[in-house]
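Engineer: Here's a structure for you.
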Amino acid sequence: MIRVSIAGVTGFTGEELLKILLRHPEVSVKHLISRTPGLKISDIQKTCRCDLETSKLTAAVIDDSDAVFLCLPHTEAAPTAMRFYEKGKTVIDLSADFRLKNALVYRKTYDAVHPFPGLLSKAVYGLCEFNREKIKGARLIANPGCYPTATLLGVIPALRERLAEEKNIIVDAKSGISGAGKKLAEEYLYYNANASCRAYKVACHRHQSEIEEEILLLAGKEAGLTFVPHLIPQDRGMIVTIYMRMKTPLRPETVVSAYKKFYKGEKFVTVLPAGEQPATKDVTGTNNARIGIAVDAKAGILIVTSVIDNLVKGASGQAVQNMNIAFGFDEETVL
Numbered sequence: 000m001i002r003v004s005i006a007g008v009t010g011f012t013g014e015e016l017l018k019i020l021l022r023h024p025e026v027s028v029k030h031l032i033s034r035t036p037g038l039k040i041s042d043i044q045k046t047c048r049c050d051l052e053t054s055k056l057t058a059a060v061i062d063d064s065d066a067v068f069l070c071l072p073h074t075e076a077a078p079t080a081m082r083f084y085e086k087g088k089t090v091i092d093l094s095a096d097f098r099l100k101n102a103l104v105y106r107k108t109y110d111a112v113h114p115f116p117g118l119l120s121k122a123v124y125g126l127c128e129f130n131r132e133k134i135k136g137a138r139l140i141a142n143p144g145c146y147p148t149a150t151l152l153g154v155i156p157a158l159r160e161r162l163a164e165e166k167n168i169i170v171d172a173k174s175g176i177s178g179a180g181k182k183l184a185e186e187y188l189y190y191n192a193n194a195s196c197r198a199y200k201v202a203c204h205r206h207q208s209e210i211e212e213e214i215l216l217l218a219g220k221e222a223g224l225t226f227v228p229h230l231i232p233q234d235r236g237m238i239v240t241i242y243m244r245m246k247t248p249l250r251p252e253t254v255v256s257a258y259k260k261f262y263k264g265e266k267f268v269t270v271l272p273a274g275e276q277p278a279t280k281d282v283t284g285t286n287n288a289r290i291g292i293a294v295d296a297k298a299g300i301l302i303v304t305s306v307i308d309n310l311v312k313g314a315s316g317q318a319v320q321n322m323n324i325a326f327g328f329d330e331e332t333v334l
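Using numbering that gives the first Met the number 0, the letters of the sequence shown correspond one by one to residues 0 to 334.
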């Protein structure tokens, strides 16, 4: 049994994370860290039946934790991560603060100077299907973003298996409203978001840098990427459609076979038969990813569709998967 604390439990990812961890047979949730102490979590999360209250971050809280999950905004997570890390604790950061290896890229992407650039090289990027061996025993794990998770699961096999070119990749991504978090903004209000779909941050979304860097690290390719995210009128779920130029003409069945071989043994990734396509409803509330394959033979384009639940495999579920690997638990525990 390990002692776990959560910083930032009132957001969507924090809420989802707490629900999962409270069911974990190897975890005791000890502290819910907040700037506002004394709040009953049952008053914040009406469906949560536990007696935990929020508390401030203190030396005693750190000492009483084996691991901490950080569900904080970028720039706010790093100082908390450092306090736990320097005390020998395991840090699983769901913010963007340790996803990028280059401090200059971080500064350009997030318009902020990283407070602990020396820690960037020590962080392991927690995309479990690709970095499992590095995650084992890691003490600083950067949980991937939701768009990068869905995109990389779809892109990397094609590049590693030399099925497609790394240049001129187009990623058409769509996320439920929860992907924007709980911040109060007019575009996320019901009367604007309902029955409407719109693109946002076209070709300038922060996750693009993360995707490009990981393609280079995981596939050894410097990708040319066009990334266009959209908000769709559902509370959760993510669908990413990726267009890549094939190196040689391929049949869909050939690509499916290559993807199935690539993901053989992976419990949370399903590659569908040729001719089948995934839907966001297929993965709602799960840590699963489903991948569909199609080929536009006339245009020479490989089309890969990837769906995940942005709050689970795209955030909290993957964070618990990372914890399971880091501490040597069965990877599927509670997931």
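No residue lacks a Cβ here, since even glycine has one placed at the ideal position from N, Cα and C.
1. For the region 108 to 187, which segments carrying the beta strand (DSSP E) assignment without a break, of at least 3 residues, lie completely within its bounds, in sequence order?
2. Which parts of the region 34 to 74 are runs of the alpha helix (DSSP H), unbroken and 4 residues or longer, counting only runs that do not cross its ends?
3. Of all the options E132, L126, E128 and A102, which has the alpha carbon lying nearest to the alpha carbon of S120?
4. Based on the DSSP output, what are the partners of M81 in its beta bridges?
5. Within 8 Å, do at least three Cβ pairs link the region 121 to 130 to the region 49 to 69?
6. Which stretch, first to last residue, makes up the alpha helix (DSSP H) that contains K18?
7. Which one or two residues does DSSP pair with A6 in a beta bridge?
8. Looking at R22: is its Cβ nearer than 8 Å to the Cβ of V333?
9. From what residue to what residue does the alpha helix (DSSP H) around H206 run?
10. Can you name, in chain order, every residue of its own chain whose Cβ lies under 6 Å from the Cβ of L139, other than the five neighbours on each side?
11. How many Å lie between G219 and P156 at the Cα?
12. Which two residues bound the contiguous beta strand (DSSP E) that contains S305?
13. In this structure, does DSSP put Y105 in helix, strand or coil?
14. DSSP has M0 in a bridge; who is on the other side?
15. For P251, which beta-bridge partners are listed by DSSP?
16. Please classify G284: does DSSP put it in a helix, a strand, or coil?
17. What number of angstroms, rounded off, separates the C-alpha of A149 from the C-alpha of K18?
18. Does K297 pass the burial test, meaning 16 or more other C-beta atoms within 10 Å, or should it be called exposed?
19. In whole angstroms, give me the CA-to-CA distance for P248 and L162.
20. Does the separation of the CB atoms of N309 and R235 fall below 8 Å?
21. Grab me the residues of E275's own chain with a C-beta within less than 8 Å of its C-beta, minus the 5 sequence neighbours each way, in chain order.
22. What residues in its chain sit with their C-beta under 8 Å from that of E350, if we drop five residues either side in the sequence?
23. What would DSSP say about F97, mapped onto helix, strand or coil?
24. Compare the beta carbon distance of V3 and V26 with 8 Å and say whether it is the shorter of the two.
25. How long is the line joining the alpha carbons of G299 and R244, rounded to whole angstroms?
26. Expressed to the nearest angstrom, what Euclidean distance is found between the alpha-carbon atoms of E75 and S94?
27. Alpha carbon to alpha carbon, how far is M237 from V294? Give it in angstroms, no decimals.
Structural biologist: Straight from the coordinates:
1. 139 to 141 and 168 to 175
2. 40 to 43 and 58 to 62
3. As a working mapping, residue 120 is identified with position 121 in the sequence shown. Cα-wise, what sits closest to S120 is A102.
4. Counting from 1 along the sequence shown, the entry for residue 81 is found at position 82. Paired residue(s): none; M81 is not in a bridge.
5. no
6. Numbered from its first residue, the sequence shown carries residue 18 at position 19. Unbroken alpha helix (DSSP H) run through K18: F11 to L20.
7. For the purposes of this step, residue 6 is taken as the residue at position 7 of the sequence shown. Bridge partners of A6: I32 and L69.
8. Against the sequence shown, residue 22 aligns to sequence position 23. Against the sequence shown, residue 333 aligns to sequence position 334. In contact: R22 and V333 (Cβ atoms closer than 8 Å).
9. For the purposes of this step, residue 206 is taken as residue 207 along the sequence shown, with counting starting at 1. H206 to A218 is the span of the alpha helix (DSSP H), which, as asked, contains H206.
10. In the sequence shown, counting from the first residue as 1, residue 139 sits at position 140. Taken in chain order, the residues that qualify are Y84, V90, K121 and A122.
11. Counting from one through the sequence shown, the residue named residue 219 turns up at place 220. Counting from one through the sequence shown, the residue named residue 156 turns up at place 157. When rounded, the distance between both Cα atoms is 12 Å.
12. Position 306 of the sequence shown, counted from the first residue, corresponds to residue 305. Its beta strand (DSSP E) spans residues I300 to I307.
13. Indexing the sequence shown from 1 puts residue 105 at position 106. Helix.
14. Mapped onto the sequence shown, residue 0 falls at position 1. In DSSP, M0 forms no bridge with anything.
15. Position 252 of the sequence shown holds residue 251. According to DSSP, which records beta bridges pairwise, P251 is partnered with nothing at all.
16. Here residue 284 is taken as the residue at index 285 of the sequence shown, counted from 1. Reduced to three states, the DSSP call for G284 is coil.
17. In the sequence shown, the residue the question calls residue 149 occupies position 150. In the sequence shown, the residue the question calls residue 18 occupies position 19. Spanning the two alpha carbons is a distance of roughly 22 Å.
18. What you label residue 297 is simply residue 298 of the sequence shown in a count that begins at 1. Under this definition K297 is an exposed residue.
19. Residue numbering aside, residue 248 sits at position 249 when the sequence shown is read from its first letter. Residue numbering aside, residue 162 sits at position 163 when the sequence shown is read from its first letter. Spanning the two alpha carbons is a distance of roughly 9 Å.
20. Looking up residue 309 in the sequence shown gives position 310. Looking up residue 235 in the sequence shown gives position 236. Yes; because the gap between Cβ atoms is below 8 Å, this pair is in contact.
21. The residue you call residue 275 lines up with position 276 of the sequence shown. Excluding sequence neighbours, E275 sits near G291.
22. Lying before the first or after the last residue shown, residue 350 is absent from the chain, which here runs from 0 to 334.
23. To locate residue 97, count along the sequence shown from 1; it is residue 98. DSSP places F97 in coil when its eight states are reduced to three.
24. The residue you call residue 3 lines up with position 4 of the sequence shown. The residue you call residue 26 lines up with position 27 of the sequence shown. The answer is yes: Cβ separation under 8 Å.
25. Taking the first residue of the sequence shown as 1, we reach residue 299 at position 300. Taking the first residue of the sequence shown as 1, we reach residue 244 at position 245. Rounded to the nearest angstrom, the two C-alpha atoms are 6 Å apart.
26. For this step, residue 75 is matched to residue 76 along the sequence shown. For this step, residue 94 is matched to residue 95 along the sequence shown. Looking at the two C-alpha atoms, the distance is approximately 9 Å.
27. Within the sequence shown, numbered from 1, the residue matching residue 294 stands at position 295. Within the sequence shown, numbered from 1, the residue matching residue 237 stands at position 238. Cα to Cα, V294 sits roughly 22 Å from M237.
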